[in-house]
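Okay, so here's the structure we're looking at.
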Ligand SMILES: [Ca+2]
Ligand SMILES: [Ca+2]
């Protein structure tokens, strides 16, 4: 194509001219050119921190310091972090946007936590905020918008490249070497929380998207008030998807408080599931439509079959016996009793394929990573790794 060559020649010709003009009159040139320009991507706004501009990005959280962005439990209405990907986790690929008073009621995250994930078009001064690439003194903020990609634009990060850094040591590996690499990754820099703290964490990680006063119960799928946590009939409590007895880990900080496999469930349904292994079959469970159980196994409803599989895959990789906990492993049995094993591996692999990760499941993984434990479930981010390790 001749166009790039022509373009390069034009640029070569224009550079000395433009340089001369810039030296002569920086302020006169800057404002009109920015006002006339197409909207910037966040990557472009980060690399051109001068003058005014219009930026389009996705709202990902609330910056509270140079390297700190809250992805949930927002505390203020004065700042937003936006990115080219709604799943961005690296603050280096975010632009921090000041929310001045007239925009706070509509755009502040403490008042509007459901704004996370929405596209935002904002015009203002491209300058540092929280000592970080930013936009201040906005003159227009609206939801929606699409950044125009110019031929010279740097492509924004994709959701997969976002986690490539986290999984760098595992990329390209398979089988036992993949498992070993992932074990190190998901066990490094982890924050464990207390069993008491799990209550409040589940109210965030498992909040009903349609009703912020409620949580969604795992097996039954019921939306129930967050305030009904407890041990009485009609309450919800903390279901260990990998049963505590399969490895005897109890509820001390560790596998017994690991949010990646803890979910809210109705007290009665939780007791019915007990410590059964997972497999298909049995009779319908009253009060939990779509679930089946018999003497030695539990079959969850279709919408969460894969979620359950990925939770136990994570546990088998996270806990390898090198710490004070048992080495949790999958097998093909449904009679594991109190051994640190859980089945049935072949059924769980099938469920994982039938019910792939959804946006809600990825969001939950991200919230646990960003706000609580600082580790991820690899099988939500990379579903293809399950067969490589457990197949
Ligand atoms: Ca699912
Ligand atoms: Ca293990």
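Numbering (the numbering used here), first residue to last: 257 to 647.
Note that the Cβ used here is the ideal one computed from N, Cα and C, for glycine as well.
Write down every uninterrupted run of the beta strand (DSSP E) in the region 310 to 390 whose length is 3 residues or greater and which is fully enclosed by it, in chain order. 324 to 326, 335 to 339, 350 to 354, 375 to 382, all fully within the region 310 to 390.
In the DSSP assignment, find the unbroken alpha helix (DSSP H) run with residue 634 in it and report its ends. On the chain shown, position 378 is the one that residue 634 refers to. Per DSSP, the unbroken alpha helix (DSSP H) holding residue 634 starts and ends at 634 to 637.
At least three beta-carbon pairs within less than 8 Å, the region 504 to 518 to the region 539 to 559: no
Would DSSP call residue 585 helix, strand or coil? The count along the chain shown starts at 1 and reaches residue 585 at position 329. Residue 585 sits in a strand when the DSSP states are folded into three classes.
Counting beta carbon pairs with one atom in the region 519 to 536 and one in the region 574 to 584, are three or more of them shorter than 8 Å? no
Can you tell me whether DSSP reads residue 308 as helix, strand or coil? Translated into the one-based positions of the chain shown, residue 308 becomes position 52. Correct three-state label for residue 308: strand.
Outcome for residue 612 when other beta-carbon atoms lying within 10 angstroms are tallied against a minimum of 16: Here the question's residue 612 lines up with position 356 in the chain shown. By the neighbour-count rule (16 or more Cβ atoms within 10 Å), residue 612 is not buried but exposed.
Near ligand 1: residue 615 beta-carbon under 6 Å from a heavy atom: Within the chain shown, numbered from 1, the residue matching residue 615 stands at position 359. False, no ligand heavy atom lies under 6 Å from that Cβ.
Under the three-state reduction of DSSP, which class applies to residue 392: helix, strand or coil? Numbered from 1 along the chain shown, position 136 holds the residue referred to as residue 392. In the structure shown, residue 392 sits in a strand (DSSP, three-state: E or B).
Smallest Cα separation from residue 312: which of 503, 374, 419, 622? In the chain shown, counting from the first residue as 1, residue 312 sits at position 56. Of 503, 374, 419, 622, the residue nearest in Cα terms is 374.
Would the C-beta of residue 563 count as close to ligand 1, meaning under 6 Å from any of its heavy atoms? For the purposes of this step, residue 563 is taken as the residue at position 307 of the chain shown. Yes, Cβ of residue 563 sits closer than 6 Å to a heavy atom of ligand 1.
With C-beta atoms as the reference, is residue 573 less than 7 Å away from residue 438? Residue mapping note: residue 573 aligns to position 317 of the chain shown, counting from 1. Residue mapping note: residue 438 aligns to position 182 of the chain shown, counting from 1. Closer than 7 Å, so yes.
Sequence-distant residues of the same chain with beta carbon closer than 7 Å to residue 461, five excluded per side: Your numbering for residue 461 matches position 205 in the chain shown. Result list for residue 461: 515, 620, 623, 624, in chain order.
Return the chain-ordered list of same chain residues with a C-beta closer than 7 Å to the C-beta of residue 643, the five sequence neighbours on each side being excluded. Here residue 643 corresponds to residue number 387 of the chain shown, with the count starting at 1. Excluding sequence neighbours, residue 643 sits near 605.
Span of the alpha helix (DSSP H), counted from its first residue to its last, around residue 605: Along the chain shown, read from residue 1 onward, the residue named residue 605 stands at position 349. That run of the alpha helix (DSSP H) goes 601 to 610.
Under DSSP, the alpha helix (DSSP H) around residue 456 begins and ends at which residues? Along the chain shown, read from residue 1 onward, the residue named residue 456 stands at position 200. Its alpha helix (DSSP H) spans residues 451 to 461.
Count the C-beta pairs between the region 424 to 440 and the region 449 to 460 that are closer than 8 Å, then say yes if the count reaches three, no if not. No, they do not touch.
Is DSSP giving residue 507 helix, strand or coil here? Working through the chain shown from its first residue, we reach residue 507 at position 251. In the structure shown, residue 507 sits in coil (DSSP, three-state: anything other than H, G, I, E or B).
In the structure shown, what three-state DSSP assignment does residue 540 receive? Position 284 of the chain shown holds residue 540. Of the three classes helix, strand and coil, the one that applies to residue 540 here is strand, per DSSP.
Quick check on the burial criterion: 16 or more other C-beta atoms within 10 angstroms. Buried or exposed for residue 316? By 1-based counting over the chain shown, the position of residue 316 is 60. Label assigned to residue 316: buried.
Out of curiosity, what's the CA-to-CA distance linking residue 325 and residue 336? Within the chain shown, residue 325 is the residue found at index 69, counting from 1. Within the chain shown, residue 336 is the residue found at index 80, counting from 1. In a straight line, the C-alpha of residue 325 is about 9 Å away from that of residue 336.
Do residue 319 and residue 386 have their beta-carbon atoms positioned less than 7 Å apart in this structure? If you number the chain shown from 1, residue 386 lands on position 130. If you number the chain shown from 1, residue 319 lands on position 63. Yes; because the gap between Cβ atoms is below 7 Å, this pair is in contact.
So is the beta-carbon of residue 575 under 6 Å away from any non-hydrogen atom of ligand 2? Walking along the chain shown from the start, residue 575 turns up at place 319. Yes, the beta carbon of residue 575 sits closer than 6 Å to at least one heavy atom of ligand 2.
Which stretch, first to last residue, makes up the alpha helix (DSSP H) that contains residue 554? Taking the first residue of the chain shown as position 1, residue 554 is located at position 298. Careful: residue 554 lies outside any alpha helix (DSSP H), inside the beta strand (DSSP E) at 553 to 555.
For residue 610, count neighbouring Cβ atoms within 10 angstroms of its own Cβ and tell me buried if that reaches 16, exposed if not. On the chain shown, position 354 is the one that residue 610 refers to. The residue is exposed, with fewer than 16 neighbouring Cβ atoms inside 10 Å.
Could you tell me whether the region 341 to 353 touches the region 293 to 306, using the rule of 3 or more Cβ pairs below 8 Å? yes
For residue 512 and residue 596, the rounded distance between their alpha carbons: Against the chain shown, residue 596 aligns to sequence position 340. Against the chain shown, residue 512 aligns to sequence position 256. Going from the Cα of residue 596 to the Cα of residue 512 covers about 13 Å.
Would you mind reading off the limits of the alpha helix (DSSP H) that contains residue 576? Indexing the chain shown from 1 puts residue 576 at position 320. Per DSSP, residue 576 belongs to no alpha helix (DSSP H) and is neither H nor E.
With 16 other CB atoms within 10 Å as the buried threshold, where does residue 555 fall? The sequence position of residue 555 within the chain shown is 299, counting from 1. Buried: at least 16 other Cβ atoms inside 10 Å.
Residue 549 by DSSP, collapsed to three states: which one? Translated into positions along the chain shown, residue 549 becomes position 293. Looking at residue 549 - three-state DSSP - the assignment turns out to be strand.
Put residue 697 into one of helix, strand or coil per three-state DSSP. Residue 697 is absent from the structure shown; the chain starts at 257 and stops at 647.
Thinking C-alpha only, which one of 637, 526, 449 is nearest residue 486? Taking the chain shown and counting its residues from 1, the one referred to as residue 486 is at position 230. Closest option to residue 486, Cα to Cα, is 526.
For residue 495, count neighbouring C-beta atoms within 10 Å of its own C-beta (all shown protein chains included) and say buried if the count is 16 or more, exposed if not. The residue you call residue 495 lines up with position 239 of the chain shown. Classification for residue 495: buried.
Drop a sphere of 10 angstroms on the beta-carbon of residue 411, count the other beta-carbons inside from all chains shown, and report buried for 16 or more, exposed for fewer. Here residue 411 is taken as the residue at index 155 of the chain shown, counted from 1. With a pLDDT of 37 at residue 411, under the threshold of 50, the modelled position of this residue cannot be trusted; read the value that follows with caution. With fewer than 16 other Cβ atoms inside 10 Å of its own Cβ, residue 411 counts as exposed.
Are the beta-carbon atoms belonging to residue 493 and residue 523 less than 7 Å from one another? Counting from one through the chain shown, the residue named residue 493 turns up at place 237. Counting from one through the chain shown, the residue named residue 523 turns up at place 267. Cβ atoms of residue 493 and residue 523: closer than 7 Å.
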